[in-house]
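Enquirer: Numbering (the working numbering), first residue to last: 940 to 1119.
The C-beta atom is built at its ideal place from N, Cα and C for all residues, glycine as well.
Here the structure is a predicted model, which means the values were calculated and not measured.
(1) With DSSP as the reference, please indicate the residues paired to residue 981 in a beta bridge.
(2) Looking only at its own chain, which residues have a Cβ that is under 7 Å from the Cβ of residue 1116, when we skip the five neighbours before and after it?
(3) Specify the secondary structure class of residue 1086 as computed by DSSP and reduced to three states.
(4) Run through DSSP, which three-state label would residue 1011 get?
(5) Put residue 1119 into one of helix, strand or coil per three-state DSSP.
(6) What does DSSP give as the partner residue(s) for residue 1113 in the beta ladder?
(7) Do residue 980 and residue 1109 come within 8 Å of each other at the CB atom, strictly closer than that value?
(8) Rounding to the nearest angstrom, what Cα-Cα distance links residue 1114 and residue 1041 in this structure?
(9) Please list the terminal residues of the continuous beta strand (DSSP E) segment that includes residue 1016.
(10) Please look up how many angstroms separate the CB atoms of residue 932 and residue 1038, rounded, as I've assumed it's under 8 Å.
Structure representation (structure tokens):
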């Protein structure tokens, strides 16, 4: 009886500490940065993606970062590289990446998934990219991540998957700048 009580209390304590920010906290990699510059993404020749995918995802990342910056105060300035000068004294975070996957939706995959219970609600379009967050002054890579997103329900397009990917980047920066 005492062992069951000890295990029960330990489990409750672990759940409380695990869900609170005390036990598990995000590292604040981007805390000191006041500006973000997004480079056009590379599209390797072996990836079946149009060359326009690189500039398109860069524009979408700039848009989502501006949206999150307005709402949560992430950065004072968010620009695409070469469009505007950054004032002196701002610590700049450079964001660059590489397109890894660009999968267009197909009717055949959609039909096949309709035979799986609930599968008709899954997307067949996907987009993936490898992101690097670099300190502009030193050129040192601070953080790297791979993100893959898909379309959603009725919006089964690569464009929407790219929008979701850009928003996922904004969430990664939010988590590593604010700490929530």
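Expert: For this structure:
(1) Here the question's residue 981 lines up with position 42 in the chain shown. DSSP output for residue 981 lists 1037 as bridge partner(s).
(2) In the chain shown, the residue the question calls residue 1116 occupies position 177. The answer, listed in chain order, is 967, 969, 970 and 1013.
(3) Numbered from 1 along the chain shown, position 147 holds the residue referred to as residue 1086. Strand.
(4) Counting from one through the chain shown, the residue named residue 1011 turns up at place 72. The answer is helix: DSSP assigns residue 1011 an H, G or I state.
(5) Counting from one through the chain shown, the residue named residue 1119 turns up at place 180. Reduced to three states, the DSSP call for residue 1119 is coil.
(6) For the purposes of this step, residue 1113 is taken as the residue at position 174 of the chain shown. Partner(s): none; residue 1113 has no beta bridge.
(7) What you label residue 1109 is simply residue 170 of the chain shown in a count that begins at 1. What you label residue 980 is simply residue 41 of the chain shown in a count that begins at 1. No, they are not a contact pair.
(8) As a first step, residue 1114 is located in the chain shown; it is residue number 175 there, counting from the start. As a first step, residue 1041 is located in the chain shown; it is residue number 102 there, counting from the start. Those two C-alpha atoms are separated by around 26 Å.
(9) What you label residue 1016 is simply residue 77 of the chain shown in a count that begins at 1. Unbroken beta strand (DSSP E) run through residue 1016: 1016–1019.
(10) Given a span of 940 to 1119 for the chain in the structure shown, any question on residue 932 remains unanswerable.
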